[in-house]
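In our numbering, the protein residues as written are 1 to 228. Read the structure below first, then the notes.
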């Protein structure tokens, strides 16, 4: 058997044929490590093994990948298909097809349930469909994955304010600063309309591919807000 690795340093492993002796086996095993500027040889004697012929295959060294294991558990659904579904959902949301976006986001979760922990886009779509309980759940899952993400905490509060009222939603609120000030601003719908319409009509709002710029446009669409 001869195995040679063409690396630096070069390591070669070789052994002579095993010779049978009545009393014992004395195979010869040589390990040579060649480096610059020195080399050494190690010999091991008196290994009590019968004569062997070993054949190594690349297949012998192949281990199942994590993605392969996941595919087996999920019925060979490809996580890449889940990513494609998310992109389709985001595109549909940008185009104002909010129900269609939820269909795609749900499909992504079906293909790869791990995606749900990061699908804040789904929470936004559910909010604008008045599916506040599902939206709040989505945002809470997202915050559990990333506790420092205060934006999802605020969206969760907005959903629960619709379900339970501002006071109870405040008690349920995930930790962020200045909750009372934010709750007071929610009451100023007229001022919000002016600011959101202004943002949509700004050069950035018109040209940007920012998902939140698209959200402002969807907000106006769902509220039937138009510029005078």
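All C-beta atoms in this analysis are idealised placements derived from N, C-alpha and C, irrespective of residue type, glycine included.
N- and C-terminal bounds of the alpha helix (DSSP H) containing residue 155: Here residue 155 corresponds to residue number 155 of the chain shown, with the count starting at 1. Where residue 155 is concerned, the enclosing alpha helix (DSSP H) stretches over 150-164.
Going by Cα to Cα distance, which pick from 163, 122, 223 and 171 is closest to residue 108? Indexing the chain shown from 1 puts residue 108 at position 108. Minimum Cα distance to residue 108 is reached at 122.
Roughly how many angstroms lie between the CA atoms of residue 204 and residue 124, to the nearest whole one? On the chain shown, residue 204 is found 204 positions in, with the first residue counted as 1. On the chain shown, residue 124 is found 124 positions in, with the first residue counted as 1. Spanning the two alpha carbons is a distance of roughly 21 Å.
Mind reading off the beta-carbon distance from residue 126 to residue 82? Whole number of angstroms is fine, and I expect it under 8 Å. Position 126 of the chain shown, counted from the start, is the residue given in the question as residue 126. Position 82 of the chain shown, counted from the start, is the residue given in the question as residue 82. No, residue 126 and residue 82 are not in contact; Cβ-Cβ is about 18 Å, not under 8 Å.
How do the region 162-169 and the region 143-153 stand: do at least 3 beta-carbon pairs fall below 8 Å, yes or no? no
Within its chain, find whatever has a CB closer than 8 Å to the CB of residue 213; leave out the 5 residues flanking it on each side and keep chain order. For this step, residue 213 is matched to residue 213 along the chain shown. Only 199, 200, 204 and 205 meet the Cβ criterion.
Mind checking whether residue 117 and residue 97 have CB atoms under 8 Å apart? Looking up residue 117 in the chain shown gives position 117. Looking up residue 97 in the chain shown gives position 97. No.
Please return the same chain residues whose Cβ sits closer than 6 Å to the Cβ of residue 86, not counting the five positions on each side in sequence. Walking along the chain shown from the start, residue 86 turns up at place 86. Excluding residues within five positions, the ones whose Cβ falls inside 6 Å are 108.
Please state whether the Cβ-Cβ distance between residue 158 and residue 138 is less than 8 Å. Within the chain shown, numbered from 1, the residue matching residue 158 stands at position 158. Within the chain shown, numbered from 1, the residue matching residue 138 stands at position 138. No, these two residues do not count as a Cβ contact at 8 Å.
Starting from residue 106, trace the alpha helix (DSSP H) in both directions and tell me its first and last residue. The residue you call residue 106 lines up with position 106 of the chain shown. Run containing residue 106: 98-111, per the alpha helix (DSSP H) assignment.
Could you pull the start and end residues of the alpha helix (DSSP H) that residue 132 belongs to? Position 132 of the chain shown, counted from the first residue, corresponds to residue 132. Here the alpha helix (DSSP H) through residue 132 covers 132-145.
Spatially closest choice to residue 93 from 216, 78, 133 and 226, by CA coordinates: Within the chain shown, the letter at position 93 stands for residue 93. Residue 216 is the option with its Cα nearest to residue 93.
For the alpha helix (DSSP H) that contains residue 173, what are its first and last residues? Here residue 173 refers to the residue found at position 173 when the chain shown is read from its first residue. Here residue 173 belongs to no alpha helix (DSSP H), and DSSP marks it neither H nor E.
Alpha-carbon to alpha-carbon, residue 197 and residue 225: By one-based count along the chain shown, residue 225 stands at place 225. By one-based count along the chain shown, residue 197 stands at place 197. Each residue's alpha carbon lies about 8 Å from the other.
Residue 145 to residue 115, Cα distance in whole Å? Translated into positions along the chain shown, residue 145 becomes position 145. Translated into positions along the chain shown, residue 115 becomes position 115. So the two alpha carbons sit approximately 11 Å from each other.
Could you work out which residue in 90, 147 and 173 is closest to residue 136 when comparing CA atoms only? For the purposes of this step, residue 136 is taken as the residue at position 136 of the chain shown. Cα-wise, what sits closest to residue 136 is 173.
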